[in-house]
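**Student:** Take a look at this one; I'll ask things after.
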Amino acid sequence: MTFRSVPSLLFVSRALALILLTALSLVGPLATSAQAVEPVQISRDDTALDITATTEIYTGRGEAFQVSTAPGTDGIVRRIEVRAANPTHEGDWAVFALTNVSDEQIDRVIVAPHFRLVGSKIIWPDLGSQRILSITPSEGFALDRQPSDEADVFRITLNPGSVVTFVAELATPDLPQMYLWEPDAYKDTVNAFTLYRGIVLGIAGLLAVFLTILFVVKGTSMLPATAALAWAVLGYICVDFGFLSKLISVTAGDERIWRAGTEVSLSVGLVVFLFTYLNLNRWHAHLSYATLAWILGLGLLFGVAVYDPPIASGIARISFALTASAGIVLIAYLGFRRYDRAILLVPAWALILVWLFGAWMTVTGRLDNDIIQPALGGGLVLIVLLIGFTVMQHAFTGGAYQQGLFSDLERQSLALTGSGDTVWDWDVARDRVVTIPDISAQLGLSPGVMHGPARNWLPRLHPDDRDRFRATLDVLLEHRRGRLNHQFRVRAEDGHYHWLAIRARPVLGSNGEIIRCVGTIVDITEQRNSVDRLLQDALHDNLTGLPNRQVFLDRLQAMLSIAGSGETVRPTVLAIDIDRYKQVNDALGIAAGDNILVALSRRLRRLLKPQDTLSRLSGDQFGLILLSERDPAKVADFAEAVSKAITVPINFANREIILTASIGLVSWLDPQQDAASLLNDAELAMYRAKKAGGNRVEPFRPAFRTMGTDRLQLETDLRRAIERKELSLVYQPIVRLADAEIAGFEALMRWEHPKRGSISPEEFIPIAEQSDLISQLGAFAFDKAASDLMDWQLQTGDLPIFVSVNLSSAQLLNNELYNDVRAVLSKTRCEPHKLKFELTESVVMENAEQARLVLNKLREAGLGLSLDDFGTGYSSLAYLTRFPFDTIKIDKALVRDSSDKRTVLLRSVISMAREMEMQVVAEGIETEEDAIELGRMGCEYGQSYLFGPPINYDSVLRLLKERFPLMKRA
Ligand code: C2E
Ligand code: MG
Ligand code: MG
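Mind the numbering: the sequence shown is residues -36 to -1, 1 to 934 in mature numbering (1 follows the signal peptide of the UniProt record, and there is no 0), read in order.
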């Protein structure tokens, strides 16, 4: 910048002023000079006056500039010409006029700052430069330039009443601001700003150094990124606060480069920080490339800044704005995904956005004051400070994962994240429950449903769990210690219940009250289900859901111990087996068979009272513990009802299936008996019922026992018994009631077991019946009885006595029976009418047709036929007329019956039998009165211990000789 010498300038202006004054009056319209300006009035009170607006700017006017002055006190407008000191001057001029309206001389400084952020624009910004090269007043000397790095400062003195027009030679076409300051005020303001700038600079410098040192101490990548940002900010405010020129000598042009450079580094710093802090490389590989490209692009800007600072600065400013916007999007996105770094950055980023808004308002000139620029500089430091805190928080708590430096807390929180459990946090003071991640998602509920007050959980809980849940929380709050370890069910959106387990620990506040309760909540539905399933499988039949055999026995045992302790409990056990169930399975398939079982189990369940138990013992076998009935008649009715329920037809695939069941029942009597043996007894009875053709209820009799445990052994023994001659016959007399004479004998088999002693036929006959042994036994009995009878007759003479032999069903169905009988008869030469067969009703009924054929043949052969044990089974005489019986043996149960109906029953049975011309034998008569009574009723014979027990061959012979002394002699 060159100045003309003051005298020459003065001379020129004076000379030209005069010349042009004349010219104006003569050739005014031809002049290309500027118009006169309106003077700004200056008084003593104006300490700082913005004269930017009242200053007129003229651009491209060449090195000689003509202008009309403001009219002076004399009202004359003069024209002056000013020449540029530098011939290469662009020709930009500024004109303003001042007038001292006071009556004193006024000293002022004109200040035009080199750089102003306000209105500097975003793209192609004005990065500052020298503004005013010199100022020439319309009168007096050119103004004195005051030393300043940041502004062009000129000192003026205005005399009272004077009007002075100033022409400023501009370095740039723009003059962002021009102030007229009271010199002392200006000095104070500069000083004040200097102090502020010093403080801000100091903080920024400390921050940058501190963060750099932190990086050295703790080498997480976050720290250098933050430190870089801090240094960038320091650089920026160094330039902005004019501190740079204090360090190195910079020209105004250099300063533009520096300014652009710091702006670029600021925007690079922000990108690098955001990328590093949010660990963007972990989220997506593309993000890394994009960021790297961005940073490289900004790096190139440093080069651009040297050649064209405004372009570099404009791009840097846009980049900064873009980074801040992208940052808020990323933070929002990652924050919603519960990325804690993102959440922690929210305050700092909010500040960045506010700053950005302020900067935009400033740069675009919407916000125009002198404080905003230093304030923005301070704001940047504040941002770095806040980011620094945020980063330090991470660096010292969770920032060292990669280094393997874990604190226990970090380890725990990492473990929790790793386990996939949900955090359950109950803020007790505010009564807010929060789960992280939201448990609502797992339950299919809309987000946040399970958040809020703890009581909000109650309606979602299973009704059975609500009170327990509430109570557990209450207890915890009251006791203020312990742990929450609670499992409960919560209804999911689909209506299913999920098992959840909360494990939490209370956190106590300073006053000892629980302020929160924090722990985990885990969905344990799977485990619970599998445990339940295991239990269910272990205890229940998985087809019908009924308790299995084990549970059944357990319950029965419990009942028995109650019954044993004298309570009025008398359990009855029913063993129910579906008849011919295998056929159903074969015909319809297993699946259908299963369905039928389920249907049957449902029917049976309906018959039960709450205290009764139904269980599936095996395949088609059910067990039932009956507690609700104790009276034998009622128990029998119940068993009948069970039987009926099963026989109700089942509709299946358009077919009607009728099933029957064999039911064995046993009522508890013996306190010594345990559950297993009681069930065993019931099953024995059931087998018995099955044996008898099924579809019947069979009460247990001790005789069934041998079918049980040692059955097999007995069967083996029985096989050998015949060869070893362990079997024998005893004979029980059948006596005529009228005169107590012997009418005949019933042959009863005896087995003298080598180890077990005598075994009752009630025990071994059923075994023989179930194996093929009964035919042998039967044949032996018939043969022996016939030959014994012949022997006696040989020794006593032809006595009018008969011997009856018991016949089992298996024998009856044996085709050989008739031939065997014929063979025996011919061998012994025994008269057929002296031999009788005794058959029970059930034997006959089991295969009625076959029975009728065989019996008829036997009858035709001359043998007698007795219907044994009449009164224990169906007892249908009418039915039995179809069979050729000649004798009925009334069972001892009926004879000894103590009820009122006994007489009626006996009388009708006897009279009916007589009408059908059958003889009647009463078994088990106990007293003579009974004998007489029965005799009167028309019963001819009796067989009981009263008349004589079963006796052996010799005793019979002796008895016969005693009773019939005359016969032999005759
Ligand atoms: P059952 O044919 O009704 O035979 C009568 C049973 O009553 C005999 O028992 C006899 O001892 C018993 N008895 C007779 N009078 C009285 C009395 O006053 N009071 C009592 N309480 N009992 C009396 P036992 O000998 O034990 O025979 C039991 C059953 O065994 C027979 O009943 C019969 O069904 C079967 N049995 C016996 N021997 C044979 C045989 O050789 N073949 C076949 N198939 N069955 C036989
Ligand atoms: Mg008999
Ligand atoms: Mg009998």
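Using N, Cα and C, we set each Cβ at its ideal position, and we do this for glycine too.
Predicted, not measured: the structure shown is a model, and the values here were computed from it.
1) Compute the distance between the beta-carbons of Pro914 and Gln757, then report whether it is under 8 Å.
2) Please name the residue in Met882, Arg8 and Leu187 whose C-alpha comes closest to that of Pro147.
3) Using DSSP's beta-bridge definition, name the partner residues of Arg396.
4) How close, in whole Å, do the beta carbons of Gly408 and Ala456 come, if the pair is a contact with beta carbons under 8 Å?
5) When the Cα of Phe766 is compared with those of Gln814, Val818, Arg700 and Lys719, which residue comes out closest?
6) Which stretch, first to last residue, makes up the alpha helix (DSSP H) that contains Ile560?
7) Just the C-alpha distance for Arg223 and Ser229, rounded to the nearest angstrom, thanks.
8) For the region 87 to 98 against the region 23 to 32, are there 3 or more C-beta pairs whose distance is under 8 Å?
9) Can you check DSSP and say which residues form a bridge with Thr255?
10) In three-state terms, what does DSSP make of Lys748?
11) Quick check: what's the CA-CA separation for Ala254 versus Thr190?
12) Looking at C-beta atoms only, is the number of pairs between the region 539 to 551 and the region 495 to 515 that lie closer than 8 Å three or more?
13) Between Ser768 and Gly708, which are expected to be in contact by the criterion C-beta below 8 Å, what is the C-beta distance as a whole number of angstroms?
14) Taking the straight line between their C-alpha atoms, what separation do you get for Val173 and Gly199?
15) By Cβ distance below 7 Å, which residues in the same chain neighbour Leu350 in space, the five residues on each side in sequence not counted?
16) Measure the Cβ-Cβ separation of Gly343 and Gly322 and say whether it is below 8 Å.
17) From this set, Lys865, Ile896, Ser862 and Leu844, which residue's C-alpha is nearest Met876's C-alpha?
18) Would you kindly work out how many angstroms separate the C-alpha atoms of Val612 and Asp861, rounded to a whole number?
19) Please say whether Thr226 and Ala196 have beta carbons closer to each other than 8 Å?
20) Could you give the first and the last residue of the continuous beta strand (DSSP E) run that contains Trp247?
21) Cα separation between Gly(-9) and Ser32?
22) What would DSSP say about Leu425, mapped onto helix, strand or coil?
23) Residues in the same chain with beta-carbon distance under 8 Å from Ala115, minus the five sequence neighbours each way, listed in chain order, please.
24) Pick out every residue whose C-beta is nearer than 5 Å to a heavy atom of ligand 2: which are they, in chain order?
25) Give a single yes or no on whether Leu853 has its beta carbon closer than 7 Å to a heavy atom of ligand 3.
26) Which of the three DSSP states, helix, strand or coil, is assigned to Asn618?
27) Can Leu881 be considered in contact with ligand 3, in the sense that its beta carbon sits closer than 7 Å to one or more heavy atoms?
28) Quick check: the Cα distance between Arg580 and Lys719, rounded to an integer number of angstroms?
29) If you count every other CB in all the chains shown that lies within 10 Å of the CB of Gln775, and 16 or more means buried, which is it?
30) Which of helix, strand or coil does DSSP assign to Val548?
31) Nearest to Ala857 by CA position, among Arg871, Gly835, Tyr271 and Val873, is which residue?
32) With DSSP as the reference, label Trp715 as helix, strand or coil.
33) Using only alpha-carbon positions, find the residue among Ala600, Thr100 and Gln451 that is nearest to Ile485.
34) Closest to Glu892 by CA distance: which of Met880, Phe911, Cys903 and Gly902 is it?
35) Which residues in the same chain as Glu887 place their Cβ atom closer than 7 Å to its Cβ, once the five residues preceding and following it in sequence are excluded?
36) Determine the DSSP secondary structure at Gln141, reduced to helix, strand or coil.
**Tutor:** Per the coordinate set shown:
1) On the sequence shown, residue 914 is found 950 positions in, with the first residue counted as 1. On the sequence shown, residue 757 is found 793 positions in, with the first residue counted as 1. Contact flag unset, no.
2) Within the sequence shown, the letter at position 183 stands for residue 147. Of the candidates Met882, Arg8 and Leu187, the one whose C-alpha sits nearest the C-alpha of Pro147 is Arg8.
3) Residue mapping note: residue 396 aligns to position 432 of the sequence shown, counting from 1. In DSSP, Arg396 forms a bridge with Asp391.
4) Counting from one through the sequence shown, the residue named residue 408 turns up at place 444. Counting from one through the sequence shown, the residue named residue 456 turns up at place 492. With 8 Å as the limit, Gly408 and Ala456 qualify as a contact, their Cβ atoms being about 5 Å apart.
5) As a working note, residue 766 is residue 802 in the sequence shown. Cα-wise, what sits closest to Phe766 is Arg700.
6) What you label residue 560 is simply residue 596 of the sequence shown in a count that begins at 1. Ile560 -> alpha helix (DSSP H) spans Ile554 to Leu571.
7) Taking the first residue of the sequence shown as position 1, residue 223 is located at position 259. Taking the first residue of the sequence shown as position 1, residue 229 is located at position 265. Roughly 10 Å separates the two Cα atoms.
8) Cβ pair count under 8 Å is below three, so no.
9) As a first step, residue 255 is located in the sequence shown; it is residue number 291 there, counting from the start. Paired residues: none, contrary to the question.
10) For the purposes of this step, residue 748 is taken as the residue at position 784 of the sequence shown. Three-state result, Lys748: helix.
11) Along the sequence shown, one-based indexing puts residue 254 at 290. Along the sequence shown, one-based indexing puts residue 190 at 226. Spanning the two alpha carbons is a distance of roughly 20 Å.
12) no
13) Counting from one through the sequence shown, the residue named residue 768 turns up at place 804. Counting from one through the sequence shown, the residue named residue 708 turns up at place 744. Right, the Cβ-Cβ distance comes to about 6 Å (below 8 Å), so this counts as a contact.
14) Sequence index remark: in the sequence shown, residue 173 carries index 209 (1-based). Sequence index remark: in the sequence shown, residue 199 carries index 235 (1-based). The alpha-carbon atoms of Val173 and Gly199 are separated by roughly 13 Å.
15) The sequence position of residue 350 within the sequence shown is 386, counting from 1. The residues are Pro311, Ala312 and Leu315.
16) Here residue 343 is taken as the residue at index 379 of the sequence shown, counted from 1. Here residue 322 is taken as the residue at index 358 of the sequence shown, counted from 1. Yes. Within cutoff.
17) As a working note, residue 876 is residue 912 in the sequence shown. With distances taken between Cα atoms, Met876 lies closest to Leu844.
18) The count along the sequence shown starts at 1 and reaches residue 612 at position 648. The count along the sequence shown starts at 1 and reaches residue 861 at position 897. Straight across, the Cα-Cα distance linking Val612 with Asp861 is about 34 Å.
19) The residue labelled residue 196 in the question sits at position 232 within the sequence shown. The residue labelled residue 226 in the question sits at position 262 within the sequence shown. Yes, the pair counts as a contact, with Cβ atoms nearer than the cut-off.
20) Locating residue 247 in the sequence shown gives position 283, where the first residue counts as 1. Counting along the chain, Trp247 falls outside any beta strand (DSSP E), though it belongs to the alpha helix (DSSP H) covering Leu244 to Trp247.
21) Within the sequence shown, the letter at position 28 stands for residue -9. Within the sequence shown, the letter at position 68 stands for residue 32. Note that Gly(-9) scores a pLDDT of 38, beneath 50, so its modelled location is shaky and nothing firm can be said.
22) Translated into the one-based positions of the sequence shown, residue 425 becomes position 461. It is a strand residue.
23) Residue 115 sits at position 151 when you count from the first residue of the sequence shown. The residues are Val75, Ala76, Pro77, His78 and Arg95.
24) Asn770, Glu802 and Asp832
25) Within the sequence shown, numbered from 1, the residue matching residue 853 stands at position 889. The residue you asked about is not Leu; residue 853 is Lys in the sequence shown. Yes, Cβ of Lys853 sits closer than 7 Å to a heavy atom of ligand 3.
26) In the sequence shown, residue 618 corresponds to position 654, counting from 1. DSSP places Asn618 in coil when its eight states are reduced to three.
27) The residue labelled residue 881 in the question sits at position 917 within the sequence shown. The sequence as given places Glu at residue 881; Leu does not occur at that position. Not so, every heavy atom of ligand 3 lies at least 7 Å from the Cβ.
28) Residue mapping note: residue 580 aligns to position 616 of the sequence shown, counting from 1. Residue mapping note: residue 719 aligns to position 755 of the sequence shown, counting from 1. Whole-angstrom Cα-Cα distance: 38 Å.
29) Counting from 1 along the sequence shown, the entry for residue 775 is found at position 811. Under this definition Gln775 is a buried residue.
30) Here residue 548 is taken as the residue at index 584 of the sequence shown, counted from 1. In the structure shown, Val548 sits in a helix (DSSP, three-state: H, G or I).
31) Counting from one through the sequence shown, the residue named residue 857 turns up at place 893. Among Arg871, Gly835, Tyr271 and Val873, the Cα nearest to that of Ala857 belongs to Gly835.
32) As a first step, residue 715 must be located in the sequence shown, where it is residue number 751. Residue state, collapsed to three classes: strand.
33) Walking along the sequence shown from the start, residue 485 turns up at place 521. Considering only alpha carbons, the answer is Gln451.
34) Taking the first residue of the sequence shown as 1, we reach residue 892 at position 928. It is Phe911.
35) To locate residue 887, count along the sequence shown from 1; it is residue 923. Contacts found: Lys853, Ile854, Asp855, Lys856, Val859, Gln907 and Ser908.
36) Mapped onto the sequence shown, residue 141 falls at position 177. Residue state, collapsed to three classes: coil.
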